[in-house]
Amino acid sequence: MIWSLIPLRTLAGVQDSLRFSLLTCTPGSQIYALFGHTGIRYQNISRGIDLVFNYGMFDFDAPGFIPRFVKGDTDYELGIIPYDDFVAEYKSRGSCVYGQELNLTDAEKERLSELLVENYRPENRIYRYNYFYDNCTTRAFSQIEKSIHGEVVFPNGKQNVSFRSIIREFTAVSPWSGLGIDLCLGAEADQPIDLRKQMFSPLYARNFANEAYIVNEDGSTRPLVSRETKTTGVGKPKRLSSLSPSALFSAFFLLNMAIAYRQWKRQRIYWLWDILLYSVQGVAGCVITFLFFVSSHPTVGSNWLVLVFNPLPLLYLPRMIYCSINRKRDPYHLFNSLYLGAFLLMVPFLPQSFHEAVLLFLLALWMNAISHVLVVRNINSQPIGNCQIRT
2 MIWSLIPLRT LAGVQDSLRF SLLTCTPGSQ IYALFGHTGI RYQNISRGID
52 LVFNYGMFDF DAPGFIPRFV KGDTDYELGI IPYDDFVAEY KSRGSCVYGQ
102 ELNLTDAEKE RLSELLVENY RPENRIYRYN YFYDNCTTRA FSQIEKSIHG
152 EVVFPNGKQN VSFRSIIREF TAVSPWSGLG IDLCLGAEAD QPIDLRKQMF
202 SPLYARNFAN EAYIVNEDGS TRPLVSRETK TTGVGKPKRL SSLSPSALFS
252 AFFLLNMAIA YRQWKRQRIY WLWDILLYSV QGVAGCVITF LFFVSSHPTV
302 GSNWLVLVFN PLPLLYLPRM IYCSINRKRD PYHLFNSLYL GAFLLMVPFL
352 PQSFHEAVLL FLLALWMNAI SHVLVVRNIN SQPIGNCQIR T
């Protein structure tokens, strides 16, 4: 995928017929394409060179890629791709590709060529990827700004925007992916962010670039973008699922209400339902706890959900089921009902936004714990022969 056959000297040190454009690809349907993409197009008209410098290259088949990605130790690299191949790939996904031709002087074009060539050297092309602070978009803008003899002035960013609000905006077409990402982000993702941080998003960066201008060293100004072109494409990805997490968890919550009522009414504990509930809580808790304590991804270390999603329910589950089957008193459910109730009361005052599906699941857990407390209380007040534990 890397165009190592093109000598670096054919790119650097050439000013005739040079053009640079910022390329922005609209989102696709795959989870890694939901936010779009950014590249820098290099054109040398007289020499027939038309390439894209792409900071978003990665090898999914590399050893340990998924564990390293979860931990936050993912390495991306700068690659060089023929422009036609780059556009064809994104058009095959249904994405549009916007090209914003940069309004650079000859000296700035020369400097940008040198920076890109230097970045492409084997010892420089690999970098530690960070989806908020160091990604394909932030890298591209960094090189463009370094090349300019003057200062790039961007418009004011959007007001009351956070990392989470941008993530939710672009994951609306893939609600289950959005739920997974939302679960992992902590309170830091809900803090308002300025324009520079909003530019982690390729489409936000494109919009800001269209309004940006350059203040030259002599005080004169010029627009950053001289013109914009667009390839044909769908532009917006199709919604991947008609069943949203909120709809499913609403139904799940109603089912849990029915089971909790049935447990209380018939004085029977359905421990198979407990296995389902607390296994889901515990498995999700393992992921969130790992991210909270181990991962170097941004914002995950401030996730308040670690208080209710952690491995403890999974570890305690065998004891819980043993007590249910053998009709033994288990203080866990009393503690859990008080603990979850306190957390749900705190939710409006916490500095973190929670997905509706998560709150519905926590309410289901709370109701289940209360039903256990009521059933056990009645069981312990009756002759043991009247007590029934059902699966």
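Positions 2 to 392 (our numbering) are the ones given, in order, by the sequence shown.
All residues carry an ideal CB built from backbone N, CA and C; glycine is no exception.
Bear in mind that the values here come from a model prediction, so they are computed numbers and not experimental data.
Rounded separation between residue i and residue j - CA only
i	j	result
T81	A285	For clarity, residue 81 is Ile in the given sequence; the question names Thr instead. Rounded to whole angstroms, I81 to A285 spans 39 Å at the Cα level.
I326	H334	15 Å
L315	Q160	41 Å
I50	Y84	9 Å
G158	S280	43 Å
Q31	F171	12 Å
A34	Y262	44 Å
L94	S175	The identity of residue 94 in the sequence shown is Arg, whereas the question assumes Leu. Using only the alpha carbons, I get a separation of about 15 Å.
G73	R169	21 Å
V162	P193	5 Å
L52	E218	30 Å
H373	A190	36 Å
V226	R20	12 Å
M58	T39	11 Å
N311	P28	33 Å
D275	P68	30 Å
A188	V307	11 Å
P332	R378	11 Å
S243	A173	11 Å
I260	F350	30 Å
N257	P352	29 Å
N45	L292	45 Å
F70	R269	45 Å
R48	S143	27 Å
F254	V309	17 Å
E90	S245	29 Å
P156	T106	22 Å
V216	N131	30 Å
L277	R330	21 Å
E111	S18	11 Å
G151	V288	46 Å
S221	D183	45 Å
T230	S338	58 Å
N211	S96	20 Å
V98	P123	28 Å
F54	P64	25 Å
D135	W367	40 Å
R129	D86	26 Å
Proximity below 7 Å, CB of residue i to CB of residue j
i	j	result
S303	R165	no
Y43	L79	no
A213	V153	yes
R207	T25	yes
P224	N104	yes
P299	F36	no
S148	L113	yes
G100	S22	yes
D60	I127	no
beta-carbon residue i near the ligand GTP non-hydrogen atom, thresh 6 Å
i	result
Y279	You won't find the ligand GTP in this model; it holds no ligand whatsoever.
Neighbour flag for residue i against chain C, beta carbons, 7 Å
i	result
L366	Judged by its chain identifiers, the structure shown contains no chain C, having just a single protein chain.
Residue burial classification, residue i (beta-carbon count within 10 angstroms, cutoff 16)
i	result
A365	buried
F1	Residue 1 is absent from the model: the chain starts at 2 and stops at 392.
N125	exposed
I145	buried
G283	buried
F336	exposed
I167	buried
CB-CB length for residue i against residue j, believed under 8 Å
i	j	result
L375	W265	5 Å
T88	C185	In the sequence as presented, Thr is not what sits at residue 88; that position holds Val. Not confirmed; about 33 Å, so no contact.
L363	L341	6 Å
T232	K92	6 Å
query = Okay, do the region 338-349 and the region 314-325 touch, 3+ Cβ pairs below 8 Å being the bar?
reply = no
inquiry  = Below 8 Å, how does it come out for the region 354-374 and the region 250-260: are there three or more Cβ pairs, yes or no?
reply    = yes
key: contact_flag[the region 176-191, the region 115-124] where n(CB pairs < 8 Å) is 3 or more   = Segments in contact, no.
query = Within the chosen definition, does the region 186-204 reach the region 137-144 through at least 3 CB pairs nearer than 8 Å?
reply = Using a C-beta cut-off of 8 Å, the region 186-204 makes contact with the region 137-144, since at least three inter-stretch Cβ pairs fall below that distance.
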